[in-house]
Amino acid sequence: MKVTVVGAGNVGATCANVLAFNKIADEVVMLDVKEGVSEGKAIDMLQTAQTLGFETKITGVTNDYSRTADSAVYIITSGIPRKPGMTREELIGVNAGIVKGVVGNCLKYSPDAVFIIIANPMDTMTYLTLKATGLPKNRVIGMGGALDSSRFKYYLSQALKANPAQVDGMVIGGHGDTTMIPLKRLATYAGTPVSELLDATALDKVVSDTMVGGATLTGLLGTSAWYAPGAAGAYVAAAVLNDYKRLIPSCVYLDGEYGQKDICIGVPAIIGRNGVEKIVELNLTADEKALFAKSADAVRATNNVLKEINAL
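FYI, the numbering for the sequence shown is 1258 to 1569, going by the numbering used here.
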(Lines of atoms letter the chains of each structure in order from A and count residues from 1; the text may use other names and numbers.)
(Lines give C-alpha, C1' and ligand atoms only; values in the text may rest on other atoms or scores of the structure.)
Protein backbone atom coordinates (compact mmCIF):
# COMPACT_ATOMS: atom_id res chain seq x y z
CA MET A 1 0.00 0.00 0.00
CA LYS A 2 1.04 3.58 -0.63
CA VAL A 3 1.80 6.26 1.96
CA THR A 4 2.61 9.89 1.31
CA VAL A 5 4.59 11.95 3.80
CA VAL A 6 4.08 15.67 3.24
CA GLY A 7 7.11 17.59 4.44
CA ALA A 8 10.60 16.14 3.96
CA GLY A 9 12.25 17.82 6.92
CA ASN A 10 13.76 15.89 9.82
CA VAL A 11 10.47 14.47 11.07
CA GLY A 12 9.02 13.70 7.65
CA ALA A 13 12.19 12.09 6.33
CA THR A 14 12.59 9.99 9.48
CA CYS A 15 8.98 8.87 9.18
CA ALA A 16 9.48 7.89 5.53
CA ASN A 17 12.67 6.02 6.39
CA VAL A 18 10.95 4.02 9.15
CA LEU A 19 8.06 3.19 6.81
CA ALA A 20 10.49 1.87 4.20
CA PHE A 21 13.03 0.14 6.45
CA ASN A 22 10.32 -1.69 8.44
CA LYS A 23 8.48 -2.61 5.22
CA ILE A 24 5.30 -0.97 6.51
CA ALA A 25 4.36 0.35 3.08
CA ASP A 26 4.96 -0.94 -0.45
CA GLU A 27 5.47 2.59 -1.69
CA VAL A 28 6.40 5.82 0.10
CA VAL A 29 6.17 9.25 -1.49
CA MET A 30 7.84 12.25 0.13
CA LEU A 31 6.54 15.64 -0.98
CA ASP A 32 8.08 18.98 -0.12
CA VAL A 33 7.86 22.57 -1.37
CA LYS A 34 11.62 23.02 -1.52
CA GLU A 35 13.08 21.93 -4.83
CA GLY A 36 15.29 18.84 -4.64
CA VAL A 37 15.02 18.12 -0.90
CA SER A 38 12.60 15.18 -1.06
CA GLU A 39 14.22 13.88 -4.24
CA GLY A 40 17.66 13.91 -2.65
CA LYS A 41 16.52 12.26 0.55
CA ALA A 42 14.66 9.57 -1.41
CA ILE A 43 17.83 8.74 -3.35
CA ASP A 44 19.85 8.68 -0.13
CA MET A 45 17.37 6.26 1.48
CA LEU A 46 17.23 4.02 -1.59
CA GLN A 47 21.00 3.71 -1.51
CA THR A 48 20.58 1.87 1.80
CA ALA A 49 18.01 -0.60 0.43
CA GLN A 50 20.44 -3.39 -0.40
CA THR A 51 22.43 -2.88 2.78
CA LEU A 52 19.38 -2.83 5.02
CA GLY A 53 17.34 -5.34 3.04
CA PHE A 54 14.12 -3.57 2.08
CA GLU A 55 12.33 -3.30 -1.27
CA THR A 56 9.94 -0.43 -0.60
CA LYS A 57 9.67 2.03 -3.49
CA ILE A 58 10.56 5.57 -2.34
CA THR A 59 9.82 8.62 -4.47
CA GLY A 60 10.65 12.23 -3.75
CA VAL A 61 8.65 15.00 -5.44
CA THR A 62 8.47 18.78 -5.29
CA ASN A 63 4.91 20.07 -4.95
CA ASP A 64 3.45 17.58 -7.45
CA TYR A 65 0.44 16.13 -5.68
CA SER A 66 -0.51 14.02 -8.69
CA ARG A 67 2.40 11.74 -7.76
CA THR A 68 0.67 11.00 -4.46
CA ALA A 69 -2.49 9.65 -6.13
CA ASP A 70 -4.15 6.61 -4.53
CA SER A 71 -2.35 6.95 -1.22
CA ALA A 72 -4.03 5.01 1.58
CA VAL A 73 -2.50 7.27 4.23
CA TYR A 74 -1.12 10.81 4.27
CA ILE A 75 1.19 11.86 7.09
CA ILE A 76 1.20 15.65 7.39
CA THR A 77 4.35 17.15 8.89
CA SER A 78 4.13 20.51 7.08
CA GLY A 79 4.41 23.82 8.88
CA ILE A 80 6.96 26.12 10.43
CA PRO A 81 8.33 26.28 13.98
CA ARG A 82 7.62 29.33 16.07
CA LYS A 83 10.21 32.01 15.37
CA PRO A 84 11.52 34.69 17.75
CA GLY A 85 8.99 37.49 18.06
CA MET A 86 6.20 35.46 16.48
CA THR A 87 2.90 35.43 18.36
CA ARG A 88 0.89 32.26 18.89
CA GLU A 89 -1.79 33.68 16.60
CA GLU A 90 0.75 34.29 13.85
CA LEU A 91 2.15 30.77 14.14
CA ILE A 92 -1.29 29.18 14.07
CA GLY A 93 -2.31 31.41 11.15
CA VAL A 94 0.70 30.43 9.03
CA ASN A 95 0.47 26.73 9.81
CA ALA A 96 -3.31 26.65 9.41
CA GLY A 97 -2.94 28.05 5.91
CA ILE A 98 -0.26 25.50 5.06
CA VAL A 99 -2.16 22.53 6.46
CA LYS A 100 -5.47 23.50 4.80
CA GLY A 101 -3.77 23.86 1.44
CA VAL A 102 -1.86 20.61 1.78
CA VAL A 103 -4.84 18.51 2.85
CA GLY A 104 -7.03 20.00 0.13
CA ASN A 105 -4.48 19.05 -2.52
CA CYS A 106 -4.10 15.54 -1.09
CA LEU A 107 -7.85 14.92 -1.23
CA LYS A 108 -7.95 15.78 -4.94
CA TYR A 109 -5.88 12.69 -5.66
CA SER A 110 -6.74 10.34 -2.77
CA PRO A 111 -10.29 11.12 -1.61
CA ASP A 112 -10.53 8.01 0.59
CA ALA A 113 -7.25 8.43 2.47
CA VAL A 114 -6.72 8.47 6.22
CA PHE A 115 -4.80 11.51 7.51
CA ILE A 116 -2.23 11.38 10.32
CA ILE A 117 -1.38 14.85 11.60
CA ILE A 118 2.03 15.72 13.05
CA ALA A 119 2.07 19.44 12.17
CA ASN A 120 2.00 21.78 15.17
CA PRO A 121 0.15 22.81 17.21
CA MET A 122 -0.92 19.21 16.65
CA ASP A 123 -4.27 19.13 18.49
CA THR A 124 -5.41 22.30 16.74
CA MET A 125 -4.14 21.23 13.30
CA THR A 126 -5.99 17.93 13.69
CA TYR A 127 -9.17 19.81 14.54
CA LEU A 128 -8.62 22.19 11.60
CA THR A 129 -8.14 19.29 9.18
CA LEU A 130 -11.39 17.70 10.29
CA LYS A 131 -13.45 20.89 10.26
CA ALA A 132 -12.03 22.41 7.08
CA THR A 133 -12.50 19.26 4.99
CA GLY A 134 -15.69 17.79 6.41
CA LEU A 135 -14.00 14.39 6.47
CA PRO A 136 -15.53 11.64 8.63
CA LYS A 137 -14.05 11.84 12.12
CA ASN A 138 -12.53 8.37 11.86
CA ARG A 139 -10.21 9.46 9.04
CA VAL A 140 -8.26 12.19 10.88
CA ILE A 141 -5.79 11.19 13.61
CA GLY A 142 -3.27 13.29 15.52
CA MET A 143 -0.19 11.31 16.53
CA GLY A 144 0.69 13.26 19.71
CA GLY A 145 -0.48 10.60 22.17
CA ALA A 146 1.70 7.94 20.54
CA LEU A 147 4.76 10.16 20.87
CA ASP A 148 4.03 11.33 24.41
CA SER A 149 3.37 7.75 25.53
CA SER A 150 6.67 6.59 24.06
CA ARG A 151 8.44 9.28 26.07
CA PHE A 152 6.55 8.29 29.21
CA LYS A 153 7.63 4.67 28.75
CA TYR A 154 11.22 5.76 28.20
CA TYR A 155 11.35 7.73 31.46
CA LEU A 156 9.62 4.88 33.30
CA SER A 157 12.20 2.38 32.01
CA GLN A 158 15.03 4.68 33.10
CA ALA A 159 13.61 5.07 36.60
CA LEU A 160 12.99 1.34 36.90
CA LYS A 161 16.32 0.39 35.27
CA ALA A 162 14.13 -1.94 33.26
CA ASN A 163 13.83 -3.44 29.81
CA PRO A 164 11.83 -0.80 27.86
CA ALA A 165 10.00 -3.51 25.93
CA GLN A 166 8.35 -4.66 29.17
CA VAL A 167 7.20 -1.21 30.27
CA ASP A 168 3.74 0.01 29.38
CA GLY A 169 2.19 3.41 29.97
CA MET A 170 -0.20 5.88 28.42
CA VAL A 171 -0.49 9.64 28.06
CA ILE A 172 -3.82 11.31 27.34
CA GLY A 173 -4.90 14.94 26.99
CA GLY A 174 -3.39 17.68 24.87
CA HIS A 175 -0.01 17.40 23.17
CA GLY A 176 1.75 20.11 25.15
CA ASP A 177 4.04 20.59 28.13
CA THR A 178 1.18 21.69 30.38
CA THR A 179 -1.73 19.78 28.84
CA MET A 180 -0.58 16.16 28.62
CA ILE A 181 -1.59 13.71 31.34
CA PRO A 182 0.74 10.72 31.92
CA LEU A 183 -1.46 8.11 33.61
CA LYS A 184 0.96 6.88 36.26
CA ARG A 185 -1.81 4.93 38.00
CA LEU A 186 -2.16 2.62 34.99
CA ALA A 187 1.54 2.21 34.09
CA THR A 188 3.01 -1.28 34.44
CA TYR A 189 6.29 -3.16 34.25
CA ALA A 190 5.82 -6.76 33.09
CA GLY A 191 2.24 -6.55 34.34
CA THR A 192 3.14 -5.14 37.75
CA PRO A 193 1.86 -1.62 38.56
CA VAL A 194 4.84 0.72 38.64
CA SER A 195 3.38 2.31 41.77
CA GLU A 196 4.45 -0.87 43.56
CA LEU A 197 8.02 -0.51 42.25
CA LEU A 198 8.67 3.23 42.44
CA ASP A 199 7.98 5.59 45.32
CA ALA A 200 5.78 8.64 44.85
CA THR A 201 8.73 11.01 44.44
CA ALA A 202 10.32 8.93 41.69
CA LEU A 203 7.01 8.47 39.90
CA ASP A 204 6.22 12.18 40.05
CA LYS A 205 9.63 12.90 38.53
CA VAL A 206 8.87 10.51 35.67
CA VAL A 207 5.62 12.39 35.04
CA SER A 208 7.28 15.82 35.10
CA ASP A 209 10.15 14.64 32.87
CA THR A 210 7.63 13.27 30.39
CA MET A 211 5.69 16.52 30.26
CA VAL A 212 8.79 18.52 29.33
CA GLY A 213 10.25 15.74 27.20
CA GLY A 214 9.99 17.70 23.97
CA ALA A 215 11.40 20.89 25.49
CA THR A 216 14.28 18.92 27.03
CA LEU A 217 15.30 17.63 23.61
CA THR A 218 14.95 21.05 22.02
CA GLY A 219 17.30 22.41 24.66
CA LEU A 220 19.86 19.69 23.99
CA LEU A 221 19.58 19.65 20.21
CA GLY A 222 18.85 23.29 19.50
CA THR A 223 15.85 22.18 17.45
CA SER A 224 12.83 19.93 17.79
CA ALA A 225 13.29 16.17 18.05
CA TRP A 226 12.69 14.02 14.98
CA TYR A 227 13.48 10.34 15.57
CA ALA A 228 10.67 9.66 18.04
CA PRO A 229 8.07 11.87 16.30
CA GLY A 230 8.85 10.30 12.94
CA ALA A 231 8.67 6.80 14.35
CA ALA A 232 5.39 7.59 16.12
CA GLY A 233 3.84 8.71 12.85
CA ALA A 234 4.97 5.51 11.14
CA TYR A 235 3.64 3.45 14.06
CA VAL A 236 0.17 4.90 13.66
CA ALA A 237 0.35 4.46 9.88
CA ALA A 238 1.26 0.79 10.31
CA ALA A 239 -1.87 0.23 12.39
CA VAL A 240 -3.98 1.68 9.58
CA LEU A 241 -2.25 -0.04 6.66
CA ASN A 242 -2.16 -3.47 8.30
CA ASP A 243 -5.49 -3.20 10.13
CA TYR A 244 -3.71 -3.99 13.39
CA LYS A 245 -6.53 -2.76 15.66
CA ARG A 246 -3.85 -1.27 17.92
CA LEU A 247 -4.85 0.59 21.05
CA ILE A 248 -2.97 3.87 20.59
CA PRO A 249 -3.44 7.09 22.54
CA SER A 250 -4.39 9.42 19.69
CA CYS A 251 -5.71 12.90 19.11
CA VAL A 252 -9.23 12.18 17.87
CA TYR A 253 -12.55 13.98 17.66
CA LEU A 254 -14.76 13.63 20.71
CA ASP A 255 -18.53 13.89 20.54
CA GLY A 256 -19.54 13.29 24.14
CA GLU A 257 -16.81 10.85 25.12
CA TYR A 258 -14.99 11.84 28.32
CA GLY A 259 -17.62 14.55 28.74
CA GLN A 260 -16.21 16.59 25.85
CA LYS A 261 -17.63 17.68 22.50
CA ASP A 262 -16.30 19.40 19.39
CA ILE A 263 -12.63 18.91 20.21
CA CYS A 264 -9.69 16.80 19.03
CA ILE A 265 -7.62 15.63 21.98
CA GLY A 266 -5.62 12.60 23.08
CA VAL A 267 -7.50 9.53 24.30
CA PRO A 268 -6.97 5.80 23.80
CA ALA A 269 -8.41 4.62 20.50
CA ILE A 270 -8.42 1.45 18.43
CA ILE A 271 -6.66 2.24 15.16
CA GLY A 272 -7.20 0.02 12.12
CA ARG A 273 -7.86 0.10 8.41
CA ASN A 274 -10.71 2.58 8.80
CA GLY A 275 -8.64 4.90 10.95
CA VAL A 276 -10.25 5.49 14.34
CA GLU A 277 -12.37 2.39 14.81
CA LYS A 278 -13.30 2.87 18.46
CA ILE A 279 -12.67 5.34 21.24
CA VAL A 280 -11.92 3.57 24.52
CA GLU A 281 -13.33 5.35 27.57
CA LEU A 282 -11.15 4.75 30.61
CA ASN A 283 -12.60 4.81 34.10
CA LEU A 284 -10.71 7.89 35.24
CA THR A 285 -10.44 8.99 38.84
CA ALA A 286 -11.90 12.32 39.94
CA ASP A 287 -8.43 13.90 39.86
CA GLU A 288 -7.73 12.53 36.38
CA LYS A 289 -11.09 13.79 35.14
CA ALA A 290 -10.28 17.25 36.47
CA LEU A 291 -6.89 17.24 34.74
CA PHE A 292 -8.49 16.10 31.49
CA ALA A 293 -11.13 18.85 31.65
CA LYS A 294 -8.40 21.44 32.28
CA SER A 295 -6.40 20.09 29.35
CA ALA A 296 -9.46 20.24 27.10
CA ASP A 297 -10.05 23.87 28.10
CA ALA A 298 -6.49 24.75 27.08
CA VAL A 299 -6.76 22.95 23.74
CA ARG A 300 -10.12 24.60 23.07
CA ALA A 301 -8.60 28.02 23.77
CA THR A 302 -5.98 27.37 21.11
CA ASN A 303 -8.66 26.13 18.71
CA ASN A 304 -10.54 29.40 19.22
CA VAL A 305 -7.63 31.23 17.61
CA LEU A 306 -8.66 29.55 14.34
CA LYS A 307 -11.96 31.40 14.49
CA GLU A 308 -10.35 34.67 15.54
CA ILE A 309 -8.10 34.61 12.47
CA ASN A 310 -10.91 33.35 10.20
CA ALA A 311 -9.12 30.06 9.47
CA LEU A 312 -12.43 28.24 10.00
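C-beta atoms are modelled at their ideal positions from N, C-alpha and C, and glycine is treated no differently.
Have a look at the DSSP bridge pairing and note the partners of residue i.
i     : result
R1503 : I1528
P1450 : T1445
I1536 : A1526
K1518 : D1512
N1478 : Reading off the sequence shown, one finds Leu at residue 1478, where the question assumed Asn. Partner(s): none; L1478 has no beta bridge.
M1287 : V1262 and G1317
With 16 other CB atoms within 10 Å as the buried threshold, where does residue i fall?
i     : result
N1274 : buried
T1415 : Looking at the sequence shown, residue 1415 is not Thr but Gln. Exposed.
A1457 : exposed
M1343 : exposed
N1567 : exposed
G1361 : exposed
N1540 : exposed
D1369 : exposed
A1270 : buried
G1513 : exposed
T1313 : buried
G1391 : exposed
K1410 : buried
N1320 : exposed
T1325 : buried
G1293 : exposed
Within a Cβ cutoff of 7 Å, which residues of the same chain sit near residue i, ignoring the five residues on either side of it in sequence?
i     : result
Q1423 : Y1446 and A1447
V1268 : T1334, I1375, W1483, P1486 and G1487
L1413 : V1424, G1426, A1444, V1451 and V1463
M1258 : A1282, D1283, A1329 and L1498
L1454 : L1417 and Y1446
T1553 : Before going on, a small fix: residue 1553 reads as Ala here, not Thr. Closer than 7 Å at Cβ, skipping near neighbours: Q1517, I1520 and I1522.
P1406 : As written in the sequence, residue 1406 is Ser, which differs from the Pro given in the question. Cβ within range, chain order: G1426, M1427, V1428 and P1506.
D1289 : G1264, A1265, S1295 and T1319
Which residues in the same chain as residue i place their Cβ atom closer than 8 Å to its Cβ, once the five residues preceding and following it in sequence are excluded?
i     : result
G1336 : G1264, V1351, N1352, I1355, V1356, A1376, N1377 and M1382
A1555 : G1431, G1433, T1435 and T1436
L1309 : F1278
G1529 : A1496, V1497, D1500, Y1501, K1502 and R1503
Identify, in the order they occur along the chain, each residue of the same chain with its Cβ nearer than 6 Å to the Cβ of residue i, setting aside the five sequence neighbours on each side.
i     : result
I1315 : A1277, V1285, A1299, M1302 and L1303
S1481 : T1475
D1425 : T1445
V1464 : P1439 and K1441
A1526 : S1507, V1509, V1533 and I1536
R1408 : T1467 and G1470
L1511 : Q1517 and I1520
E1538 : E1514
V1562 : E1346 and I1349
N1560 : T1381 and Y1384
How far does the beta strand (DSSP E) with residue i in it extend, from its first residue to its last?
i     : result
F1311 : No beta strand (DSSP E) contains F1311, which DSSP labels as neither H nor E.
I1281 : From DSSP, I1281 is part of no beta strand (DSSP E); its letter is neither H nor E.
V1263 : K1259 to V1263
G1490 : Segment Y1484 to L1498 is the alpha helix (DSSP H) holding G1490; no beta strand (DSSP E) there.
G1399 : V1397 to G1399
Along the chain, where does the alpha helix (DSSP H) containing residue i start, and where does it finish?
i     : result
I1300 : V1294 to L1303
L1460 : A1457 to M1468
T1559 : A1543 to E1565
Is residue i near the ligand GDP, judged by its Cβ being under 7 Å from some heavy atom?
i     : result
I1333 : Within the structure as shown, the ligand GDP is missing, as the structure has no ligands at all.
### Query
At which residue ranges does the stretch 1417–1443 contain complete beta strand (DSSP E) runs of 3 or more residues, listed in the order of the chain?
If we require 3 residues or more, the beta strand (DSSP E) runs fully inside the stretch 1417–1443 come out as 1428–1430 and 1437–1439.
### Query
Which ranges would you report for the beta strand (DSSP E) in the stretch 1316–1379 if only whole runs of at least 3 residues count?
Runs found: 1330–1333 and 1371–1374.
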